Structures are given as C-alpha cells and as structure tokens.
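Its first residue numbered 19, the sequence shown is counted upward by one per residue in this note's numbering.
Inspection log for the structure reproduced underneath, given as structure tokens.
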Amino acid sequence: MDYIELTCKITPYNIEISEILSAQLGELGFESFVEQPDSLQAYIIQPDFDEVKINDFFSEFKSDSIIEISHQLMKEENWNETWEKNYFEPIIIDNQCVIRSSFHAEFPEIKYRITIDPKMAFGTGHHETTSLMIKEILKLQPQNKSVLDMGCGTGILAILCALKGSENITAIDNDVWSFRNTIENIELNNVKNINVLLGDVKDIEGLKFDIIIANINKNVLLADISNYAISLNENASLFLSGFYRSDFEDINKFAEKNGLKFQKIEEMNNWVMLQYLK
Numbered sequence: 019m020d021y022i023e024l025t026c027k028i029t030p031y032n033i034e035i036s037e038i039l040s041a042q043l044g045e046l047g048f049e050s051f052v053e054q055p056d057s058l059q060a061y062i063i064q065p066d067f068d069e070v071k072i073n074d075f076f077s078e079f080k081s082d083s084i085i086e087i088s089h090q091l092m093k094e095e096n097w098n099e100t101w102e103k104n105y106f107e108p109i110i111i112d113n114q115c116v117i118r119s120s121f122h123a124e125f126p127e128i129k130y131r132i133t134i135d136p137k138m139a140f141g142t143g144h145h146e147t148t149s150l151m152i153k154e155i156l157k158l159q160p161q162n163k164s165v166l167d168m169g170c171g172t173g174i175l176a177i178l179c180a181l182k183g184s185e186n187i188t189a190i191d192n193d194v195w196s197f198r199n200t201i202e203n204i205e206l207n208n209v210k211n212i213n214v215l216l217g218d219v220k221d222i223e224g225l226k227f228d229i230i231i232a233n234i235n236k237n238v239l240l241a242d243i244s245n246y247a248i249s250l251n252e253n254a255s256l257f258l259s260g261f262y263r264s265d266f267e268d269i270n271k272f273a274e275k276n277g278l279k280f281q282k283i284e285e286m287n288n289w290v291m292l293q294y295l296k
C-alpha cells in the first residue's frame, strides 16, 4: 500500500505545536508521525489523502508559528528502508522491556524483548502514549486474564501481554495495514495466543475481558467508552491513552458516567494514561 508523506515545516519550531498537529491530524486519518528538528512528518495511506481537506484544515489552524506544508507519494516498497535508515532506533523501557526491529542487534540482558517491524503501523514504543501503556503493562500480573488491545497498531501491547503470560488476548484494528502488521509481528515474536481481528468496537459485542487497553485518539475513545464498560468483567481494569492532559476532564466525565471508577493518571510530555476499574 502506498502512503502520502505530509511535511509540516514549523517556523519557529515549537514542540507543543507539533504535538497538537499530531493529535488533530490523527483525527483526519493520519497514522504515523515523525518529529524532525524543524518539522513534523505525518503519514496517511494514499487513498485516504484529501488535499482539499488538508488545505482547509491548515487555513483554519491557529498558531504563533508559520506552518508550511508539502507532500509526496511514498511507494510501498520504500517503507522498510526508510524506517531502517531514519526513524526506528531500539528503545528500552524501565530496564525491563526492549523494543527493536529485526535489523537491530539482540538485547539478551533485557527480560522482555519485543521485535517490531512497524511498516507504518502505529506503535513502536517511541511515542509517549505507547511508552505509558508499556510501563503499565510491565506492572500488571496478566497471567490467566483475558485482554483486549483495541486499536492495536503494530500489536506491540498485545505481544507484551502475551510475553507476560496472558493466555486469551484479542487485538483489533480497523486498518488493514495494522491488521496485517500485527499478524506479522506476532509471528516474529513467536507468540500464539493472540486473536487478531480486522474491525472496530462492534466486534467486542458479547465478549468479556479482565483488561482492556485502548491507545486511540480522544474522539474515538469518547465514542467507544460505553462499549468498553459493557465488555469489562467485574473488578476489571480499563487503560486509556492517546490524548493530552487537557482532555482529562472530558474523558473522565464520560468514563464515570458509564460506571467506571478512576484509579490513576500517568503523564509524559503532556500526554496521559488513565486507569479505571469496573
């Protein structure tokens, strides 16, 4: 599948503007983001790219910086080489988990070793929201518990749960690219107890889980929280991320309205992770 690379040059560069752009472009269908010293690069599958809509978005975007945009087509066969050379370095989280690609050297001294070949699916551990989720999973005891990874991206969170002993894991994404990439990464990590579905929240109807992980954007979470609440077992936990600290009140209000009890908030560079208990 071919992608469009949208480059947003920000002058003067401001990390907060870059993060706001990432969040809002994510709501327009962009799947992956790379921060450069003076710009943000955003990626969307070519059929979903609407130049008129993007131009309208930037004409209304308010910022103290000047934002110049350009885009180019990125052919499918270039992705692996592009990521290997530019965007994906190994990352170690809490000295317990290393995320690397198949072209990186092994890290035998780390307890949990995850191999991810992202191919533009979201979730390499480099983004704050993925890191926050990984940190929480490292604290969990998911053995013999049923887990849902909603909006699984690369499948990284489901894979970590499997490595920690979960025996019944469902991973769902509505993007074909992510669906296929999750299956490939499951095979790379030699885990077998993950059921991968191409779909959305409708596919969890009638299912029950002890742990639900949803690292998606704010609007999707607000639309789906009621479904998560229904699908949680009693005394089960819901972990949410993919949004900013400023979005907490909106998310929390809707979660509590659906009978979920707030447990804690973790923050990293203005991105947050929330835990709720049913």
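Even for Gly, the Cβ is constructed at its ideal location relative to N, Cα and C.
None of these values were measured; they are calculated from a predicted model.
Taking only the alpha-carbon atoms, compute the straight-line gap between Tyr21 and Ser81 and give it to the nearest angstrom. The residue given as residue 21 occupies position 3 in the sequence shown. The residue given as residue 81 occupies position 63 in the sequence shown. Their Cα atoms are separated by approximately 27 Å.
Taking C-beta to C-beta, are Phe227 and Leu166 nearer than 7 Å? Locating residue 227 in the sequence shown gives position 209, counting from the first residue. Locating residue 166 in the sequence shown gives position 148, counting from the first residue. Yes, these two residues count as a Cβ contact at 7 Å.
What's the call for Phe121, buried or exposed, on a 16-neighbour Cβ count within 10 Å? Counted from its first residue, the sequence shown places residue 121 at position 103. Classification for Phe121: exposed.
Write down the C-beta distance between Ser244 and Gln293 rounded to the nearest angstrom, noting that I regard them as a contact closer than 8 Å. Walking along the sequence shown from the start, residue 244 turns up at place 226. Walking along the sequence shown from the start, residue 293 turns up at place 275. 18 Å between Cβ atoms; not a contact.
For the beta strand (DSSP E) that Lys271 lies in, which residues bound it at each end? Here residue 271 refers to the residue found at position 253 when the sequence shown is read from its first residue. Lys271 -> not in any beta strand (DSSP E); alpha helix (DSSP H) instead, spanning Phe266 to Lys275.
C-alpha distance - Pro108 paired with Asp268, whole-angstrom precision: What you label residue 108 is simply residue 90 of the sequence shown in a count that begins at 1. What you label residue 268 is simply residue 250 of the sequence shown in a count that begins at 1. Approximately 34 Å between the Cα atoms of the pair.
Close-in-space but distant-in-sequence residues of the same chain around Phe125 (CB under 8 Å, 5 per side omitted): In the sequence shown, residue 125 corresponds to position 107, counting from 1. Cβ within range, chain order: Pro108, Ile110, Val116, Arg118 and Arg131.
For Leu256, three-class secondary structure by DSSP: In the sequence shown, residue 256 corresponds to position 238, counting from 1. Correct three-state label for Leu256: strand.
Separation of Ile222 from Met19, as counted between CA atoms: Position 1 of the sequence shown holds residue 19. Position 204 of the sequence shown holds residue 222. Looking at the two C-alpha atoms, the distance is approximately 28 Å.
Neighbourhood of Asn186 by C-beta distance below 6 Å, restricted to the same chain and skipping five residues each side: Sequence index remark: in the sequence shown, residue 186 carries index 168 (1-based). Once the five neighbours on either side are set aside, the close Cβ partners of Asn186 are Ser164.
Which runs of the alpha helix (DSSP H) fall wholly inside the segment 175–217 and span at least 4 residues, in chain order? 194–206
From the DSSP secondary-structure annotation, give me the bridge partner or partners of Ala241. Working through the sequence shown from its first residue, we reach residue 241 at position 223. Partner(s): none; Ala241 has no beta bridge.
What separation, rounded to the nearest whole angstrom, lies between the Cα atoms of Leu156 and Ser196? For this step, residue 156 is matched to residue 138 along the sequence shown. For this step, residue 196 is matched to residue 178 along the sequence shown. C-alpha separation (whole angstroms): 23 Å.
On the criterion of 16 or more Cβ atoms from any shown chain inside 10 Å, does Asp191 qualify as buried, or is it exposed? In the sequence shown, counting from the first residue as 1, residue 191 sits at position 173. It is buried - the Cβ of Asp191 has at least 16 other Cβ atoms within 10 Å.
Check whether the Cβ atoms of Asn13 and Thr172 sit closer than 7 Å, and answer yes or no. Outside the shown range of the chain, which is 19 to 296, sits residue 13, and nothing can be said about it.
Distance between Glu252 and Ile72 (C-alpha atoms, nearest Å): Walking along the sequence shown from the start, residue 72 turns up at place 54. Walking along the sequence shown from the start, residue 252 turns up at place 234. So the alpha carbons of these two residues sit roughly 43 Å apart.
Determine whether the beta carbon atoms of Ser88 and Thr25 lie at a separation below 7 Å. Taking the first residue of the sequence shown as 1, we reach residue 88 at position 70. Taking the first residue of the sequence shown as 1, we reach residue 25 at position 7. Yes, Cβ-Cβ distance for Ser88 and Thr25 is below 7 Å.
For Ala232, name the three-state secondary structure that DSSP assigns. Walking along the sequence shown from the start, residue 232 turns up at place 214. Here Ala232 sits in strand by DSSP.
Alpha-carbon to alpha-carbon, Lys93 and Ala139: One-based indexing of the sequence shown puts residue 139 at position 121. One-based indexing of the sequence shown puts residue 93 at position 75. Confidence in Ala139 is poor, its pLDDT being 49 and thus under 50, which makes the residue's placement too unreliable to answer from.
Considering just the uninterrupted stretch of the beta strand (DSSP E) at Lys88, what are its terminal residues? Translated into the one-based positions of the sequence shown, residue 88 becomes position 70. Strictly speaking, residue 88 in this sequence is Ser, with Lys absent from that position. Looking at the DSSP string, the run of the beta strand (DSSP E) that includes Ser88 is Ile84 to Met92.
Could you tell me how far apart the beta carbons of Phe266 and Val238 are, in whole angstroms, since I believe they sit closer than 8 Å? Numbered from 1 along the sequence shown, position 248 holds the residue referred to as residue 266. Numbered from 1 along the sequence shown, position 220 holds the residue referred to as residue 238. Wrong, their Cβ atoms sit about 16 Å apart, outside the cutoff.
At the level of alpha carbons, what is the spacing between Asp112 and Lys153? By 1-based counting over the sequence shown, the position of residue 112 is 94. By 1-based counting over the sequence shown, the position of residue 153 is 135. The straight-line gap from Cα to Cα measures roughly 7 Å.
Pull up the CB-CB distance for Val214 and Ile229, whole angstroms please, since I reckon it's below 8 Å. Residue mapping note: residue 214 aligns to position 196 of the sequence shown, counting from 1. Residue mapping note: residue 229 aligns to position 211 of the sequence shown, counting from 1. Not really, about 17 Å apart at Cβ, beyond 8 Å.
Flag this pair as yes or no: are the beta carbons of Leu150 and Ser259 separated by less than 7 Å? Locating residue 150 in the sequence shown gives position 132, counting from the first residue. Locating residue 259 in the sequence shown gives position 241, counting from the first residue. In this structure, Ser259 lies closer than 7 Å to Leu150 by Cβ.
Sort Asp66, Phe67, Pro30 and Tyr61 by Cα distance to Pro55 and report the nearest one. Start at 1 with the first residue of the sequence shown, and residue 55 comes out as number 37. Comparing Cα-Cα distances from Pro55 to each of Asp66, Phe67, Pro30 and Tyr61, the minimum goes to Pro30.
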